[in-house]
Amino acid sequence: MSANTLTGLIPVIYRALDVISAEAVGYAPAVSRDARASRVALGQTVTVNRTPTISAVDIVPAMTVTEAAGIVMDPVNMTITKSRAVKLPWRGEETLSLDPPGIGQQSILDDEVLQAMRTLRNEIDVDLAVEIKDTASRASGVAGTTPFNNKIDESADSRKIMIDNGAPLTDLQMVIDSTAGAQIRKNTQLTKANEAGTTETLRSGTLLDLNGFAIRESAGVQETTKGTGTSYTSDASGYAIGETDITLITGADTIVTGDAVTFAGDTNKYIVTTGLAAPGVLTIAAPGLRIALPTSAVALTVGATGVQNSFFSRSAVILLNRLPALVGGQDLAVDRMTVTDPRNGLVFEVALYLGYKMVQWEIATAWGVKNIKPEHTGTLLG
10 MSANTLTGLI PVIYRALDVI SAEAVGYAPA VSRDARASRV ALGQTVTVNR TPTISAVDIV
70 PAMTVTEAAG IVMDPVNMTI TKSRAVKLPW RGEETLSLDP PGIGQQSILD DEVLQAMRTL
130 RNEIDVDLAV EIKDTASRAS GVAGTTPFNN KIDESADSRK IMIDNGAPLT DLQMVIDSTA
190 GAQIRKNTQL TKANEAGTTE TLRSGTLLDL NGFAIRESAG VQETTKGTGT SYTSDASGYA
250 IGETDITLIT GADTIVTGDA VTFAGDTNKY IVTTGLAAPG VLTIAAPGLR IALPTSAVAL
310 TVGATGVQNS FFSRSAVILL NRLPALVGGQ DLAVDRMTVT DPRNGLVFEV ALYLGYKMVQ
370 WEIATAWGVK NIKPEHTGTL LG
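This is the structure in structure tokens:
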């Protein structure tokens, strides 16, 4: 059975998109999106290119052109990890009971489609937040203290991490929770027109760019509980700048993925990508240590529990978004259409299935997320 266009539902779908676009979903519009209306299977691998560092060479004058060494590309494989749908069943009796003088099926269906898209978009946003939290390079800010309290220093400190890590500075993003957003809106240097150069924050609550970061809010920002690890120290091997695997001795209990840890004598806050529950090898995110550890035991401290806002270069984080797989391009749906959110490019499939004295609407999408450049991502503690 060939698929038709859901022409009768188009107004409902786009009314839903207009409303849902106003939700606090900050990660999806901030990352690089590879969103297409093509179909993929759950677990399917998609290759994304990642350009490696290219070394310079000495210029040696000659009457012939010397062939340069080839560049070995560094592709990253991503996986479609989720294929999800929200189902909206309607029985014949339910439809009839809502006919005038009732509230009407159309009004309820509008709300159901809205909530279905909201559910899927929020899931995508949370997945992006978790991915960045667990793989970011380093952290700025103070855990347990909401950033931007009458100052904007945290954006400058976050930019320093991006500069030190060599991230491109042309499309920086910062995603914060609503508490940090409220602190920005209370900041007098951003609400006074003579200081901010605009009344947008004061009048409409617009979050202005800070130190090159486009500021966005998201309900998906993670609040995590730190590991319980105590009394850990590095071994006496010594570790150079750039090392990511550090052997810990002594100590007890857990250091978990996403923890921000520091070493004595080094103020940098490193994000843990592979934790431990007993002495062993701890892995921190690239680009690794900023200050070398000496050939002696150095005490490690696990940061406090708190909110983990995010900052990153857009190109560092990829969101793959496709339509769920179909056998031979069709199934039992009698109608289906693809809709694209005009504000963030996410694609959804809306399908109608006929049953015995009932119908079922389905809103579906598939996705995968990956931080392909940890060096260009960071965590703003709060």
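Okay, so the sequence shown: first residue is 10 according to the working numbering, each after it adds one.
Idealized CB from N, CA, C, for every residue including glycine.
Nothing here was measured: the structure is a model prediction, and the numbers come from that model.
Quiz item: In chain order, what residues of the same chain have a beta carbon less than 6 angstroms from the beta carbon of Pro177, not counting five sequence neighbours either side?
Solution: Excluding positions up to five away in sequence, the list reads Ser322.
Quiz prompt | Helix, strand or coil at Asn158 [DSSP, three-state] | solution = In the structure shown, Asn158 sits in coil (DSSP, three-state: anything other than H, G, I, E or B).
Quiz prompt | N-terminal and C-terminal residue of the alpha helix (DSSP H) that Ile89 is part of | solution = Where Ile89 is concerned, there is no enclosing alpha helix (DSSP H), given that its DSSP letter is neither H nor E.
Quiz item: What's the call for Thr314, buried or exposed, on a 16-neighbour Cβ count within 10 Å?
Solution: Classification for Thr314: exposed.
Quiz item: Distance, Cα to Cα, Ala12 vs Val378?
Solution: Model confidence at Ala12 stands at a pLDDT of 40, short of 50, so the residue's coordinates are unreliable; what they give is reported in the following sentence. Using only the alpha carbons, I get a separation of about 30 angstroms.
Exercise. Report yes if the C-beta distance between Val230 and Val316 is below 8 angstroms; otherwise report no.
Key: Yes.
Practice problem: Hey, could you find the ends of the alpha helix (DSSP H) Asn203 is sitting in? | Solution: In the DSSP assignment, Asn203 falls within the unbroken alpha helix (DSSP H) covering Ala202 to Ala205.
Quiz item: Nearest CA to the CA of Thr56: which residue from Lys278, Asp83 and Tyr279?
Solution: Checking every option, the nearest Cα to that of Thr56 belongs to Asp83.
Quiz prompt | Continuous alpha helix (DSSP H) stretch holding Gln339: start and end | solution = Going by DSSP, Gln339 is part of no alpha helix (DSSP H) at all; its letter is neither H nor E.
Self-check item: Sheet register partners of Arg93 (DSSP bridge)
Solution: Looking at the DSSP assignment, Arg93 forms a beta bridge with Thr374.
Quiz item: I think Gly221 touches Leu181, with their Cβ atoms under 8 angstroms apart; what is that distance to the nearest whole Å?
Solution: Confirmed, about 5 angstroms.
Self-check item: Own chain partners of Tyr248 with C-beta closer than 7 angstroms, once the 5 adjacent residues on each side are dropped
Solution: Counting only residues of its own chain and dropping the five nearest sequence neighbours on each side, Tyr248 has a CB closer than 7 angstroms to the CB of Ile255, Leu298, Ala301 and Leu302.
Quiz item: In the stretch 112-151, which residue ranges form an unbroken beta strand (DSSP E) of at least 3 residues, counting only runs that do not cross its ends?
Solution: As far as the stretch 112-151 is concerned, its whole beta strand (DSSP E) runs of at least 3 residues are 147-150.
Quiz prompt | Separation of Val281 from Thr144, as counted between CA atoms | solution = Rounded to the nearest angstrom, the two C-alpha atoms are 8 angstroms apart.
Quiz item: What runs of the alpha helix (DSSP H), each 4 residues or longer, lie entirely inside the stretch 163-226?
Solution: The qualifying runs are 187-195, 197-200, 202-205 and 209-213.
Quiz prompt | beta strand (DSSP E) segment containing Leu257, residue limits | solution = Residues Asp254 to Ile258.
Self-check item: Rounded separation between Ile141 and Gly364 - CA only
Solution: Distance between Ile141 and Gly364, taken at the CA atoms: about 42 angstroms.
Quiz item: Around the Cβ of Pro70, are there at least 16 other Cβ atoms within 10 angstroms (buried) or fewer (exposed)?
Solution: Under a 10 Å Cβ-count criterion, Pro70 is classified as exposed, with fewer than 16 other Cβ atoms of the shown protein chains found around its own Cβ.
Self-check item: Among Gln369, Thr73 and Leu390, nearest to Val122 - alpha-carbon criterion
Solution: Taking only the C-alpha atoms, the option nearest Val122 is Gln369.
Practice problem: Thinking Ile89 and Gln124 are a contact (beta carbons under 8 angstroms), I'd like their distance in whole angstroms, please. | Solution: Actually they do not touch by this definition, with Cβ atoms about 24 angstroms apart.
Practice problem: Spatial neighbours of Phe157 within its chain, please: CB distance less than 7 angstroms, with the 5 preceding and 5 following residues excluded, ordered by chain position. | Solution: Glu163, Ala189, Gln192, Ile193 and Asn196, listed in sequence order.
Exercise. Could you tell me the boundaries of the beta strand (DSSP E) in which Ile381 lies?
Key: Premise fails: Ile381 is in no beta strand (DSSP E) and is neither H nor E.
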